[in-house]
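This report concerns only the one structure given below.
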Amino acid sequence: METYQIYSLTSAVLFVIGIGGVFISRHFIKKIIATIIMGGGVFLSFVSFADRDALAFADPVPHALVITGIVVAVASAAFALALARRIYQLTEEESFTNDK
Amino acid sequence: MTDLPISPYPALLVGLPILMATLSLFFRTRGEAIVGIIGSLLTAGLALIAFVEVTKMGTVIHILGGWEPPLGILLRMDPLASVFIGMTAVVGVFISLYAWRYFPAQEATNGRLPLFWPLWLFLWAGLNGLFLSNDLFNLFVTLEVIGISAVALAVLSGKSPALSAGLRYLLAAITGSMAYLFGVALIYGSTGTLDLKLLSQVLEPGTTTSFALLVITLGLMIKMAGFPFHFWLPPAHSSAPAPVSALLSALVVKGAFYILLRLWMEVFGVSLTYAAGQLIGLAGAIAVIWGSWQAFMQTRLKLIVAHSSVAQLGYLLMIFPLIILAPGVTADSADWLSPVWTAGIYQVLAHAFAKASFFLSAGIIIMALGHDRIESLRDLVGHMRITALAIGLAGVSLIGLPPSGGFMAKWMLLKGIFLSGQWWWAPVVLTGSLLSAGYIFMLLRLAFAPSREKAPFRPVPKKLEVYALLLALGSFLIVLPADSLVQFLESSEIFGSGIETILEGGINGND
Amino acid sequence: MSVLIDILLAILVIYLALQSLLAPRLSQSVFLFFAFGLALALAWVRLGAVDVAITEAAIASGFLGVLFLDALRDFSPRSSEEQKNISTVQNSRSRNSVKSLLLPRLSLVLGLGLFLLIALEAVWNIPDGGGLAADAEKLLPQSGVEHPVTAVLINFRAYDTWLEIGVILLGLLAVFAVGKIQIYRKPIPVVDDILLRQVILFFTPVLFLFGAFLLYFGKTGPGGAFQAAVLWGAIGILLHLGGRPIFLLIPRWLGQLLLTLGLLFFLILGFLFIAGGATLFEYPPAYAGVLILIVETLAAISIAAALTAMFANLNQMKKEESNKIDSTN
Chain X
-5 METYQIYSLT SAVLFVIGIG GVFISRHFIK KIIATIIMGG GVFLSFVSFA
45 DRDALAFADP VPHALVITGI VVAVASAAFA LALARRIYQL TEEESFTNDK
Chain H
8 MTDLPISPYP ALLVGLPILM ATLSLFFRTR GEAIVGIIGS LLTAGLALIA
58 FVEVTKMGTV IHILGGWEPP LGILLRMDPL ASVFIGMTAV VGVFISLYAW
108 RYFPAQEATN GRLPLFWPLW LFLWAGLNGL FLSNDLFNLF VTLEVIGISA
158 VALAVLSGKS PALSAGLRYL LAAITGSMAY LFGVALIYGS TGTLDLKLLS
208 QVLEPGTTTS FALLVITLGL MIKMAGFPFH FWLPPAHSSA PAPVSALLSA
258 LVVKGAFYIL LRLWMEVFGV SLTYAAGQLI GLAGAIAVIW GSWQAFMQTR
308 LKLIVAHSSV AQLGYLLMIF PLIILAPGVT ADSADWLSPV WTAGIYQVLA
358 HAFAKASFFL SAGIIIMALG HDRIESLRDL VGHMRITALA IGLAGVSLIG
408 LPPSGGFMAK WMLLKGIFLS GQWWWAPVVL TGSLLSAGYI FMLLRLAFAP
458 SREKAPFRPV PKKLEVYALL LALGSFLIVL PADSLVQFLE SSEIFGSGIE
508 TILEGGINGN D
Chain U
11 MSVLIDILLA ILVIYLALQS LLAPRLSQSV FLFFAFGLAL ALAWVRLGAV
61 DVAITEAAIA SGFLGVLFLD ALRDFSPRSS EEQKNISTVQ NSRSRNSVKS
111 LLLPRLSLVL GLGLFLLIAL EAVWNIPDGG GLAADAEKLL PQSGVEHPVT
161 AVLINFRAYD TWLEIGVILL GLLAVFAVGK IQIYRKPIPV VDDILLRQVI
211 LFFTPVLFLF GAFLLYFGKT GPGGAFQAAV LWGAIGILLH LGGRPIFLLI
261 PRWLGQLLLT LGLLFFLILG FLFIAGGATL FEYPPAYAGV LILIVETLAA
311 ISIAAALTAM FANLNQMKKE ESNKIDSTN
């Protein structure tokens, strides 16, 4: 087993943990954390595939994509956090009341 | 690809709205709105100029930074993209004009509403960017621009039901984007390119490609509220301010559908199976029945309209089983492809116009009555003739009665269904239409019913009613240029063609 | 040996991810999430992606971690007492409906397990696409910078990066949309003591210089606009915590300019290129190096301003609410 394979398998596990977390977790904050974990899995997969045939010159494109992706994911998470805090301030609800 | 004519318009269509959105931030309340409305008018004008350019020159491209794919990103404005961009411009400009009068007329203008303009212009840029994009990762970025601005617009009222619906919407949108992006990672890892055109040449079927197709499809289905991921749509669309509801249901959900269509047609043909098409068609069929039934059961106008969106999007998914051909069938011999594509494009256009008009009318009614419970619609005709007419016309198009755009869509869909021999979809189309006729006629019956007591209708700016009516008329007028529109679209590579499947069965598809 | 480190790190990352979702207390979740980010950053170092590691540690773990910590002030105080009530309610509810809940839960977990197996198979069997390393290497000399990741970000895929700078501004607008614009209100310092002020005074120039160093170093090695931006944003956040909000200290127009400068300059530059007959973001080769440095600097300033404003707005949201409650009482 090579290094990249360890991490690409990890990425799939993180992705599934994230999806599960978004659906199963109840608290808003945990749902938001779950989306970030899901994103972490996705970004890890990009970079692990790039590492596969890196010799002298690693593929810079996935690295750049992941940097872009992380920043975008953080912007959405900050927005989600603002919503969650505001809902709590107005209603004292920490999770969706009639959740699946 | 890179030998196509180069044009600056694709870049300007994304740059201009963002420029105006950013500039509007330097002004306060009224100044922000002025810059915003100017930005909307300029963007719409630019879109129409670009549309005309494409009708003359055919597909145009813009090679960003001068770096050709696969390393660089290329914007492509083909006939299909230009129709979506034109639709966004026409519907967008009416909603902008409506918003210009609607927000100042709202009594409780809290500190947030001026944000409508920069957010809407960002959303517009995101939509244009999405329609023009030719790169898997860039599509993700445009999806995020659309997702964040759409949810931010949906929570502008600041009330807790809207915030709660907004968070649900945002979490669904993020989950959808991340699922999509996981697919992109797998595709990039296995091909080394993100450019759609190049991918269509190098992508090979296999477990990785199938899984990428699965997560990309799931992600986009979440974003377009396809069954069973429709749960976020009705609360989010119904709790937003009226112009925003109109934007969300007329334009935003179409973005994810557009990508889904492009990717299935242009990239994933090698991995698709007849069964995958049937499965996604089934999801669409359930959405048609379930959404229409739910709409029928609602007692608030905006919730009726929002549930109807779930159903109307279901019709869009039902074109997939018809364009994915059974093994052995060639695209040339499939004579139902042309009607099916016409149905698809008319469903998109008619729904955009009719639904935007419907939500704008609902906003007018809320403004007049203070709420949207339908039992108070009694004698609407006597008090607000124009709005009643707009609701009637938009409703006729949603049901699919002649001579509306909605009729064109459903008629062509039925024609395609019978020509292809997949008769099992026909009862779904008919049941959906009957159910929507049920709730539309219920509304109209109330609107015409005489009212016993003095109705508490407050006066509403007349122009608002006119904008809603013009949009409703739009859902009829689009039928007039049908022949030339279809002809124009057929010069697009994918329009009118089908996916010839190689694989038998398999795990591909949704769920 | 090296493989062993990777396996242990992978297990740690997965463990932290699971635990941050399963931890019974919210504060534990947040701290475990913070640790998850740092472990993930280590994984990126192991994969040779130093730029990504810095970005992850700085923004996904650092900045987001600070936002979560700040949010805990909202959620935790009640949680300890109320959670008991909630959990007793849940217990009684689940006792009533054990059967009705068990089946959907079980099928969900089974579904996820199946999905995981397919996902693992897909990543395990992924064909080698080769990537774009060769193309990037070939065109790197024409890009104006020597570090390939910076070349992709600010030149080859400048369009994505420009949109992404837009997404950060958009994220800020979205936060404004939720809680109104709070950045012009005077904050109450979290801890008002001399030591904190001294610490902030000491860290400000250090963070500034380190950010500038990362920005300039990004031309030739790992680093660049985003990493610098987070460090500069940290200055704004520290000043805010110390009772010196940057957006109150400077005139309003300057604050607006700082927030939009990066996006606007990048775009207007692109429009000028179009006017000159080139395409959007097509730098004239002779000036590419200089222009990229300016674009990066301005982008870093705007992102830093946006991150500061996001934090400030979220931090103030609570206070607005408590003030309102005070005034109504």
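Residue numbers (the working numbering), protein chains in the order written: chain X, -5 to 94; chain H, 8 to 518; chain U, 11 to 339. A virtual CB, placed ideally from N, CA and C, is assigned to each residue, including glycine. Quantities reported herein were computed from a predicted structural model and do not represent experimental measurements.
Reference residue i, options the options, closest by Cα
i: F236/H; options: Y(-2)/X, E(-4)/X, F17/X, I0/X; result: F17/X
i: G246/U; options: I191/U, P215/U, A298/U, D61/U; result: P215/U
i: L26/U; options: P34/U, G47/U, S12/U; result: G47/U
i: L273/U; options: I210/U, I178/U, A322/U; result: I178/U
i: H314/H; options: A283/H, L82/H, L405/H, A456/H; result: L405/H
i: L84/X; options: P168/H, G276/H, A40/H; result: P168/H
i: L269/U; options: T318/U, P34/U, L57/U; result: T318/U
i: F223/U; options: A143/U, F212/U, F236/U; result: F236/U
i: V158/H; options: L177/H, G73/H, I326/H, F147/H; result: L177/H
i: S278/H; options: G43/H, M27/H, I44/H, T508/H; result: T508/H
i: L255/H; options: G505/H, I398/H, W131/H, W297/H; result: W131/H
i: I501/H; options: T66/H, R37/H, E39/H, I41/H; result: T66/H
i: R56/U; options: K190/U, D84/U, V13/U, L163/U; result: V13/U
i: P158/U; options: L59/X, E87/X, A74/X; result: L59/X
i: V162/H; options: Q152/U, A187/U, A33/U, A315/U; result: A187/U
i: L150/H; options: V435/H, T182/H, R385/H; result: T182/H
i: I191/U; options: D16/U, Q326/U, K148/U; result: Q326/U
i: L233/H; options: A350/H, M419/H, L286/H, I330/H; result: It should be noted that the sequence gives Gly, not Leu, for residue 233/H. Answer by Cα proximity: L286/H.
i: Y5/U; options: A257/H, V436/H, I80/H, W418/H; result: With chain U running from 11 to 339 in the structure shown, residue 5/U is simply not present.
i: K25/X; options: M27/H, A179/H, I485/H, G133/H; result: A179/H
i: P197/U; options: V300/U, A322/U, L217/U; result: A322/U
Whole-number beta carbon distance between residue j and residue i, since they are thought to touch under 8 Å
i: L219/U; j: A238/U; result: About 11 Å separates the two Cβ atoms, so there is no contact after all.
i: E156/U; j: T65/U; result: Not really, about 19 Å apart at Cβ, beyond 8 Å.
i: F129/H; j: I266/H; result: Going by Cβ atoms, the distance from F129/H to I266/H rounds to 18 Å, so no, they are not a contact pair.
i: G93/H; j: A54/H; result: 6 Å
i: F110/H; j: L160/H; result: Contact doesn't hold; Cβ gap of about 12 Å is too wide.
i: L174/H; j: I81/X; result: 6 Å
i: H69/H; j: P12/H; result: 10 Å between Cβ atoms; not a contact.
i: R20/X; j: S89/X; result: 4 Å
i: L163/U; j: I61/X; result: 7 Å
i: M272/H; j: I506/H; result: 6 Å
i: I153/H; j: G276/H; result: Rounded, the Cβ-Cβ distance is 26 Å, inconsistent with contact.
i: V260/H; j: M231/H; result: 5 Å
i: L36/U; j: F85/U; result: 6 Å
i: P86/H; j: L142/U; result: Contact flag wrong, Cβ pair sits at about 30 Å.
i: G252/U; j: I210/U; result: 5 Å
i: L8/X; j: L38/X; result: 6 Å
i: G288/H; j: V317/H; result: With a Cβ gap of about 16 Å, G288/H and V317/H do not count as contacting.
Identified DSSP bridge partners for residue i
i: S383/H; result: In DSSP, S383/H forms no bridge with anything.
i: H69/H; result: L82/H
i: R307/H; result: R380/H
i: L332/H; result: E507/H
i: D142/H; result: D202/H
i: I13/H; result: I68/H
i: S89/X; result: H21/X
Chain A contact residues for residue i, given Cβ-Cβ distances below 7 Å
i: V185/U; result: You won't find chain A in this structure, because its protein chains are X, H and U.
Exercise. Are at least three pairs of beta-carbons, each pair with one atom in the stretch 160 to 174 of chain U and one in the stretch 50 to 65 of chain X, less than 8 Å apart?
Worked result: yes
Exercise. Any contact of the stretch 335 to 343 of chain H with the stretch 445 to 460 of chain H, i.e. 3+ C-beta pairs under 8 Å?
Worked result: no
Problem set entry | Cβ pair count under 8 Å reaching 3, the stretch 140 to 149 of chain H against the stretch 187 to 201 of chain H | yes
Exercise. In the stretch 18 to 70 of chain U, which residue ranges form an unbroken alpha helix (DSSP H) of at least 4 residues, counting only runs that do not cross its ends?
Worked result: 36 to 56, 60 to 65
Exercise. Taking one C-beta from the stretch 287 to 298 of chain H and one from the stretch 318 to 338 of chain H each time, how about it: are there three or more such pairs within less than 8 Å?
Worked result: yes
Exercise. On the three-pair Cβ rule with 8 Å, is the stretch 99 to 111 of chain H touching the stretch 68 to 84 of chain X?
Worked result: no
Problem set entry | Any 3 or more C-beta pairs closer than 8 Å across the stretch 397 to 416 of chain H and the stretch 485 to 493 of chain H | yes
Problem set entry | Touch test, the stretch 242 to 261 of chain H against the stretch 25 to 44 of chain X, Cβ-Cβ under 8 Å, three pairs minimum | no
For this session: Let me know the alpha helix (DSSP H) ranges lying completely inside the stretch 135 to 196 of chain H, each 4 residues or longer, listed in chain order.
Result: 143 to 161
Exercise. For the stretch 370 to 385 of chain H against the stretch 463 to 477 of chain H, are there 3 or more C-beta pairs whose distance is under 8 Å?
Worked result: yes
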